Each structure stands twice: as structure tokens, then as C-alpha cells.
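For the protein sequence lines, the chains are U and W, in the order given. Everything in the first sequence is counted per our numbering, starting at 1 for the first residue and increasing by one. Everything in the second sequence is counted per our numbering, starting at 397 for the first residue and increasing by one.
Number of protein chains: 2
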Amino acid sequence: MGADERLEAYARLIVRVGLNVQQGQDVAINGLVEHAPLMRAVARAAYAAGARYVDAFYGDYHVKGAQVELGPEGSLDWTPPYLLARLEDLAERRGARVSITGDPDPDLLAHLDQRRVGAARMTRLEDLSLRQVVENRISWVVAAYPNAGWAKAIFGEPDVERLWQHVAEAVRLDAPDPVDAWERHIALLRERAEALTERGFDAIRFRGPGTDLAIGLLSGAAWDSAEAVTTWGQRHVPNLPTEEVYTTPDRRRTEGTVRSTRPLGLKGTLVRDLELRFRSGRVVDVKASAGADAVRAQLAVDEGAAMLGELALVDGSSAVGKIGITFLNTLFDENATSHIAYGAGFPLLAPGAEEHVNSSAVHTDFMIGGPEVDVVGVETSGAEVPIIRDDAWVLS
Amino acid sequence: MGADERLEAYARLIVRVGLNVQQGQDVAINGLVEHAPLMRAVARAAYAAGARYVDAFYGDYHVKGAQVELGPEGSLDWTPPYLLARLEDLAERRGARVSITGDPDPDLLAHLDQRRVGAARMTRLEDLSLRQVVENRISWVVAAYPNAGWAKAIFGEPDVERLWQHVAEAVRLDAPDPVDAWERHIALLRERAEALTERGFDAIRFRGPGTDLAIGLLSGAAWDSAEAVTTWGQRHVPNLPTEEVYTTPDRRRTEGTVRSTRPLGLKGTLVRDLELRFRSGRVVDVKASAGADAVRAQLAVDEGAAMLGELALVDGSSAVGKIGITFLNTLFDENATSHIAYGAGFPLLAPGAEEHVNSSAVHTDFMIGGPEVDVVGVETSGAEVPIIRDDAWVLS
């Protein structure tokens with residue numbers, strides 16, 4: 001498959017599987033100037049799929065950098081009203097939205113005042129965007145564009161072709177018919193999630209080297225997977241790739257010790273060999289061979305930061321996990337193996353038990369699964385049911 | 397001067413002279429993805445000049461091409477409402493607007509259905525943008541970014557550095573202090589325009605090889621030059637470069653023959669050796685060694701297309717004219733030498749005589765001045781006063 005063909009296949013996947021674009025639907029594409037080739041390919045694919053109008057909107061971190069460096073303090077967090085109108089109009093038209101990730105220059109803002117970097121956020125836009133997602137008012141997907149800066153951050157050299165091959169593998173572009181491969185993949189994940197929801201386990205337990213962790217679940221909590229559905233019934237797949245089935249735990253009932261099985265990229269700091277100890281749901285001890293302070297700082301952000309919000313299961317069949325690299329991008333890394341996240345949970349997954357779902361401004365996923373880590377479901381009786389053994393899914 | 401330094405000096409010129417950005421003012425920048433380096437430099441320069449917030453907005457001809465090729469007919473001319481809100485908000489905040497030109501791929505849409513290419517225009521946005529300009533509700537400037545595609549169209553090869561040198565010369569970046577050089581240049585053009593307005597000539601006459609043309613002027617009509625002023629009194633320079641002093645003529649009173657002295661680029665067609673004959677203000681004969689039909693088609697667009705709307709005087713001191721190339725971009729080419737435009741005139745320049753100012757959907761400038769073409773002002777008595785002789789300005 002040539003590079004053009006691969007780009008087109010990727011764009012088609014984003015449009016057909018990610019957004020599931022409907023005839024006559026409006027499509028917005030958000031990305032950076034450096035993502036132009038994928039933005040253009042997605043625009044073409046969206047029109048080919050019947051889109052009424054495609055609105056490609058380019059951000060530019062260099063312009064933001066100029067603002068952080070030279071702009072007045074008072075407008076650092078300003079959101080131009082037209083950007084809110086753009087999102088609102090799209091939702092009112094029952095539109096679809098693609099977000100392209102893949103940071104072309106992770107060090108771009110590193111030399112600037114980090115307080116101002118942090119302050120330069122369009123919080124009103126972020127809030128509206130998140131609200132539309134939570135309320136299922138939009139069909140949306142996040143996908144990544146392999147570029148030189150991102151490749152350099154991973155490999156130490158701008159080997160874009162190598163990154164492209166990994167991304168293509170992760171999103172199943174190497175399958176004879178990627179859209180069909182995704183249909184089957186989505187069905188498999190749905191079956192796993194349904195089986196977990198039906199079992200109604202009281203807790204999930206991880207056991208492996210350095211890990212013996214029990215995470216209490218909420219009664220009636222649901223497990224979810226690849227697909228989301230808009231208020232008007234349009235199915236879509238918000239993350240490409242996605243390999244996880246996930247739920248939101250009882251924030252009060254995490255006990256034991258866990259050792260991270262993959263490095264964690266935390267805003268420029270690489271955290272290695274992270275070990276956390278939990279008591280009554282809360283992190284009480286943090287160790288790491290590198291980056292422990294970055295984790296401690298996050299855990300101190302607010303009341304909920306040191307408790308779990310998410311629990312996700314991924315077995316060794318993961319297309320991302322098989323690649324074996326750290327992508328330094330959560331969209332990929334959280335799909336490599338089983339993971340948990342400290343910080344915000346998902347109240348919608350635990351109807352009736354929202355008060356015990358964690359709440360925080362933080363949400364950081366880190367990887368705890370792997371070939372040596374077994375996962376069991378714990379029934380109210382205390383009986384254990386294998387879920388993942390020897391990195392293979394065994395629950396049915 | 398290194399390439400970075402040159403880009404910065406250009407951006408500073410655009411911000412300081414073109415927009416004359418005020419402390420706390422909002423600035424919008426409109427360009428294409430291919431213009432990113434200049435967009436970024438202008439953003440920096442604007443913040444450095446005290447801008448409150450800089451909004452860089454990228455268009456993408458490739459996305460437009462996808463729409464022309466694959467999008468539904470009904471939305472080809474659709475303007476997303478948020479784009480109108482963006483312009484309105486900026487004007488309400490008394491903002492400033494930079495438009496970057498320099499077509500990176502003049503042939504991009506050539507293989508598509510030209511009727512659909514023509515239909516794919518955001519007419520509501522264009523109308524609003526023009527209305528804001530006409531009503532002086534915005535400080536604005538148009539400037540060009542030298543890029544490979546534009547250079548290739550001119551030179552047959554993508555010699556961007558050569559184009560950069562020409563553009564730098566045209567906008568006086570080669571002066572020791574470009575901003576200062578522009579202050580003096582603007583003052584000179586203002587003096588010329590004031591002298592012409594005070595003289596109140598009845599007509600302007602061009603005489604040279606193949607040219608003997610008299611253009612009747614309107615009583616009380618004003619000549620204008622580089623600067624414009626917003627409703628709140630902010631001076632700015634809408635075109636970089638600019639070399640002309642111009643007025644809007646009496647559309648009924650053009651008589652004689654004129655021969656173009658430079659090739660005219662007309663939407664992909666190069667018109668050579670254009671000769672027009674006028675009677676009672678109207679073109680009655682069109683000749684050219686190439687492209688005559690493209691001109692004839694334009695002249696047939698509407699009632700006003702075959703009459704003059706603009707008359708502009710430029711002498712041999714023009715920084716653009718000295719370069720001696722055709723830039724295939726009106727912003728430059730119309731500043732090379734004296735020119736006239738068939739089509740729309742400028743009613744604001746002839747208060748009380750608006751009914752005799754031309755009106756049309758067309759406005760095409762073509763060059764008629766040069767070393768062999770003398771320009772005189774004709775007084776009501778019939779006496780002639782030299783304005784440009786041997787390519788030098790002589791009226792004082």
C-alpha cells in the first residue's frame with residue numbers, strides 16, 4: 001500500500017467507523033497546521049461519504065506560543081465567541097467532529113513561563129466541547145497523524161515512516177478490509193463488556209510482580225467499550241485505536257499495591273517503574289525510579305486526584321500492545337494493556353451510585369497489565385472468576 | 397539580512413504600517429496553510445505591538461477542492477454562520493485584519509468543473525468583508541507570502557528565494573528602516589493625491605505608442621493614495637506594496653485608444669498586447685495577441701463591465717515597477733505603473749456625483765503606463781498640464 005493509499009484508507013476509517021458520517025451531515029475537523037495532509041484526506045473522505053459541508057479548522061501552537069510569550073495576561077484564557085458558536089451550531093445540526101492529535105513539537109512551549117502556558121487555555125471552549133461529548137450531542141472521534149516531531153519524541157529521530165507503520169498496525173489498516181476488521185473488533189469488545197456487566201462482580205483483582213490490587217466496583221455499574229451513541233441514535237467510535245473495556249469503580253474501595261508495567265508520559269516527564277499503594281481507595285505511597293514527584297504533584301491537585309476514576313481491561317490480543325512501543329500519546333498507550341486512572345470517573349456508567357464515583361480535575365491513565373499480570377473478577381461471595389490469564393481473555 | 401530576520405521585518409511592517417496596531421486591539425490574520433510562516437511571524441509582531449488577542453485563521457484550498465469535486469450542489473456557496481460572527485465581533489471590537497495572498501497552487505482547481513469552482517464561494521462572507529472595508533469599520537491590510545507555487549507560476553520554477561527578494565524590494569524591506577521609509581513614501585503619495593484633487597482636472601490624457609486616451613473626471617472627485625482611516629480615526633495602509641494615486645472617473649467620458657504595457661493575468665489566462673478602443677465611455681473594440689476572448693467575456697458580464705471604474709497614476713520611481721517582472725498578482729502588478737480598471741468604481745471618491753460612477757461585478761486593472769507614455773491633466777479650458785513625463789512625476 002503506497003503512502004497516499006494508506007492516508008486515504010486511514011481517512012476512510014476515521015469517517016466511516018470513527019464518525020459513521022450520515023448522508024447530509026455536517027463534519028468539523030480540528031487539527032494543527034502540521035496535520036494538513038490528514039485534514040485534507042478526511043475532508044475528501046467525508047464528502048465522499050455524503051457530508052453536506054466539511055469545516056476544517058486549523059490550530060497553531062506557534063501562534064499560541066507567541067501569545068504565551070508576548071500577550072497580555074488578561075486575555076490568556078479568552079475564548080473568541082465565534083468558536084463557541086461554531087461548536088454549538090455543529091451540535092444543533094447534529095454534526096460530527098474529528099479531532100486530530102499527534103504533537104508536532106512537544107518542546108515548543110518548554111522554554112516559556114509554565115504558569116502562563118498553563119493559563120493559556122480556552123477553558124470555555126474545552127468545557128463546551130466536553131459537555132457535548134458527555135451529553136452525546138455530537139458524533140466524534142479522536143485519531144492521530146504521524147508526523148516528524150512526534151516520531152522524534154518516540155524514537156529520538158524523526159522516523160515518520162516507522163511511526164506510520166506502527167499507527168497503521170494499531171488502527172488495523174493492515175487488514176484486507178479495515179472497516180470490516182473494525183466491525184468484528186467492535187463486536188468482540190461489546191461482547192466482553194456485556195459479559196462483565198452481566199456478571200456484576202463486586203471487585204476486580206490484579207496479581208503479578210509487585211502487584212496485588214483489589215478495586216471495588218459499584219452495584220449496577222456498567223462496562224462500556226468502543227462504541228458510543230448520540231442522542232439521535234448515531235453509533236460512532238470515539239477513539240481510533242480502542243482496545244479497552246472499561247468501567248468506573250467505587251472510589252472508596254481500592255486496596256493494595258500496584259506496579260506500572262509501562263512508562264508513563266506526564267507532560268514531558270517520563271515516569272518509570274511507578275508503584276502506588278492504596279488504602280481505603282486512596283493512594284498512600286508513591287514510588288518510581290523516575291518522575292515520582294510529577295505523580296505526587298498531580299495527586300495533590302484536589303480531593304479526588306488520589307482516588308481511582310477508571311478501570312480498563314485489555315488483553316494481549318491488543319493491536320496496540322503487540323507493537324510494544326510507548327507512543328507518548330494516551331490515545332495509543334492506554335490501549336496497549338490493562339490500565340487504571342487516578343482522578344475523574346464516569347458518573348453515567350454508575351446510575352444510582354454517582355455519589356461514589358470519583359470527581360477530580362485530573363484523569364491520568366497508567367498501564368498495569370501484561371503477560372505476568374492475571375486479572376480476576378471477585379464475586380460477592382468472595383469466589384474468583386478468571387478474566388485475563390497469561391495475557392489472554394478467558395471470561396465468557 | 398537572514399531569512400528569519402527578513403520574515404520578522406516583513407511581519408513588523410505589516411503590523412506597524414499596514415494595520416498600525418493599537419495597544420489592546422484585537423487582530424485577525426487570514427491566510428492559507430501554506431502561509432503559516434508569515435501568519436506566525438505576524439502573530440508575534442502583533443502581540444509585540446500590544447495586541448490583546450490574535451486570531452489566526454487558516455483556509456485550505458485542498459479542502460475547498462474536495463467540496464467542489466464531491467460536495468452537494470446545495471451547500472457550495474454556504475457560509476458557516478460562525479465565520480460571519482467572527483468578522484462582526486472583530487469590527488465591533490474595532491479590530492484589525494490581515495489578509496495574506498500568494499496562491500500556492502494556481503492550477504489546483506483547474507481540472508474541476510469550472511461552473512462548480514465559480515459557485516463555491518462564500519458570498520455572504522465576501523459581502524460582509526467588503527462592506528466592513530467600504531464603511532471603514534476595520535483596520536485592514538493585504539500582503540503576500542512568497543511561496544513555491546507562486547514562484548513557479550512566475551518563473552517556471554519554484555525559485556522562492558528569487559521571489560522573496562523581489563517582494564522584499566517591492567515592500568521596501570531593503571531600506572535601512574522600512575517603517576521610516578514607508579512613512580516618507582506615504583507622505584509623498586499623499587502630496588501627489590492632494591495636488592491632483594486641488595487641480596480639479598476635467599480629464600486625464602495618456603499619450604504613447606498605440607495609446608491616445610482621454611478619461612473624463614467628475615467635478616469634485618477626490619484622488620486618494622496609500623492610507624485609509626477607520627471610523628474611529630485609526631490610519632492604516634490597506635495594500636503592501638502600494639505606489640498609486642487613484643480616482644474614480646466619469647464612466648461616460650472615456651474616448652480614444654489604449655495599449656496595455658504589461659501582460660495581464662486573468663484567472664489563469666495571460667492576456668498580451670491588449671488594445672481597447674473607447675467611445676462615449678464604453679469599450680467598442682478589443683484586440684490582443686493572446687487572451688482577447690477572456691477580456692471580451694469579462695466585458696460582457698454586465699452593463700458596467702465595459703466602462704472604466706478606476707484611473708491610477710504610478711511613475712517610474714515605483715519600487716514594484718523597477719523590478720520589471722509580472723507578479724501574476726494584482727496587489728503587485730497594479731503598482732508597477734499607471735493603470736486603469738474596467739468595471740466597478742468607487743462612489744465614495746465622488747460625493748454628489750455617484751450616479752456617474754461606474755457599477756459592475758467586474759473590476760479588472762490593467763497596466764497602461766511606462767517610459768514612453770506621457771500623462772497630462774486637461775483643464776476645463778483645454779489647457780494641458782504635465783503630470784508624468786519620461787516616466788517621472790512632474791506635477792507639483
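All C-beta atoms, glycine included, are put in the ideal place defined by N, C-alpha and C. Since the structure is predicted, the reported quantities are computational estimates derived from the model, not experimental observations.
Kindly indicate which three-state DSSP category residue i falls into: helix, strand or coil?
i	result
isoleucine 138 of chain U	coil
glycine 200 of chain U	coil
tyrosine 10 of chain U	helix
serine 99 of chain U	strand
threonine 726 of chain W	helix
glycine 552 of chain W	coil
leucine 709 of chain W	strand
proline 347 of chain U	helix
aspartate 485 of chain W	helix
leucine 308 of chain U	strand
methionine 39 of chain U	helix
aspartate 681 of chain W	strand
valine 450 of chain W	strand
valine 21 of chain U	coil
threonine 733 of chain W	coil
tryptophan 560 of chain W	helix
valine 411 of chain W	helix
proline 782 of chain W	strand
histidine 185 of chain U	helix
tryptophan 628 of chain W	coil
histidine 759 of chain W	strand
valine 633 of chain W	coil
threonine 519 of chain W	helix
aspartate 576 of chain W	helix
Between residue i and residue j, how many whole angstroms is the CB-CB distance? I'm expecting something under 8 Å.
i	j	result
alanine 737 of chain W	glycine 705 of chain W	5 Å
valine 400 of chain U	glutamate 372 of chain U	Any answer about residue 400 of chain U is impossible in this case: the structure gives chain U only from 1 up to 396.
isoleucine 388 of chain U	isoleucine 154 of chain U	Contact doesn't hold; Cβ gap of about 27 Å is too wide.
proline 476 of chain W	aspartate 390 of chain U	53 Å between Cβ atoms; not a contact.
isoleucine 410 of chain W	leucine 636 of chain W	6 Å
tyrosine 454 of chain W	tyrosine 47 of chain U	So it is not a contact: roughly 19 Å between Cβ atoms.
Could you work out which residues of chain W lie near residue i, taking near to mean beta carbons separated by less than 7 Å?
i	result
histidine 62 of chain U	Arg436
serine 75 of chain U	Arg448, Tyr449
Name, please, each residue of chain U whose Cβ falls closer than 8 Å to the Cβ of residue i.
i	result
proline 476 of chain W	Tyr53, Asp55, Arg86, Asp89
leucine 466 of chain W	Arg44, Tyr47, Ala48
How about residue i and residue j: are their beta carbons less than 7 Å apart?
i	j	result
arginine 253 of chain U	valine 376 of chain U	no
valine 429 of chain W	alanine 41 of chain U	no
aspartate 60 of chain U	alanine 452 of chain W	yes
glycine 65 of chain U	leucine 108 of chain U	yes
proline 178 of chain U	glycine 149 of chain U	no
asparagine 358 of chain U	threonine 230 of chain U	no
valine 716 of chain W	alanine 702 of chain W	no
threonine 380 of chain U	aspartate 202 of chain U	yes
arginine 588 of chain W	aspartate 770 of chain W	no
leucine 662 of chain W	alanine 690 of chain W	yes
arginine 402 of chain U	alanine 43 of chain U	In this structure chain U extends from 1 to 396, so residue 402 of chain U is not present and cannot be described.
serine 656 of chain W	phenylalanine 762 of chain W	yes
leucine 7 of chain U	tyrosine 145 of chain U	no
glutamate 73 of chain U	leucine 112 of chain U	no
alanine 181 of chain U	alanine 175 of chain U	yes
Run down chain U in chain order and give the residues with a C-beta less than 7 Å from the C-beta of residue i.
i	result
valine 417 of chain W	Those within 7 Å of valine 417 of chain W in chain U number zero; the least Cβ separation is about 12 Å.
valine 429 of chain W	Val33, Ala36, Tyr58
Find the residues of chain W that neighbour residue i, judging by a C-beta separation of less than 8 Å, and give them in chain order.
i	result
glycine 67 of chain U	Per the sequence shown, residue 67 of chain U should be read as glutamine rather than glycine. Per Cβ cutoff of 8 Å: Ala439, Tyr443, Tyr449, Val450.
serine 359 of chain U	The contacting residues do not exist; serine 359 of chain U stays about 32 Å from chain W at best.
So, does the CB of residue i fall closer than 7 Å to a CB anywhere in chain B?
i	result
tyrosine 61 of chain U	Of the chains in the structure shown, none is chain B; the protein chains are U and W.
key: Touching by the beta-carbon criterion (3+ pairs, under 8 Å), the segment 691-702 of chain W and the segment 623-634 of chain W   = By the C-beta criterion, the segment 691-702 of chain W is judged not to be in contact with the segment 623-634 of chain W, since fewer than 3 inter-stretch pairs fall below 8 Å.
ask   = Using 8 Å as the Cβ pair cut-off and three pairs as the minimum, do the segment 413-426 of chain W and the segment 446-456 of chain W touch?
value = Three or more Cβ pairs closer than 8 Å define a contact, and the segment 413-426 of chain W meets that threshold against the segment 446-456 of chain W.
query = Does the segment 134-152 of chain U come close enough to the segment 92-103 of chain U to have 3 or more Cβ pairs within less than 8 Å?
reply = Short answer: they touch.
key: Three or more C-beta pairs below 8 Å linking the segment 240-248 of chain U and the segment 218-227 of chain U   = The answer is yes - the segment 218-227 of chain U touches the segment 240-248 of chain U, with three or more Cβ pairs under 8 Å.
query = How about the segment 602-613 of chain W and the segment 645-659 of chain W: do they share at least three Cβ pairs that are nearer than 8 Å?
reply = The segment 602-613 of chain W vs the segment 645-659 of chain W: in contact.
inquiry  = Under 8 Å, with one C-beta from each stretch per pair, do the segment 656-670 of chain W and the segment 741-749 of chain W reach the 3-pair mark?
reply    = Touching, no, given that fewer than three Cβ pairs across the two stretches are closer than 8 Å.
key: Cβ contact check for the segment 159-170 of chain U and the segment 109-119 of chain U: 3 or more pairs under 8 Å   = In short, these stretches do not touch, since the Cβ pair count stays below three.
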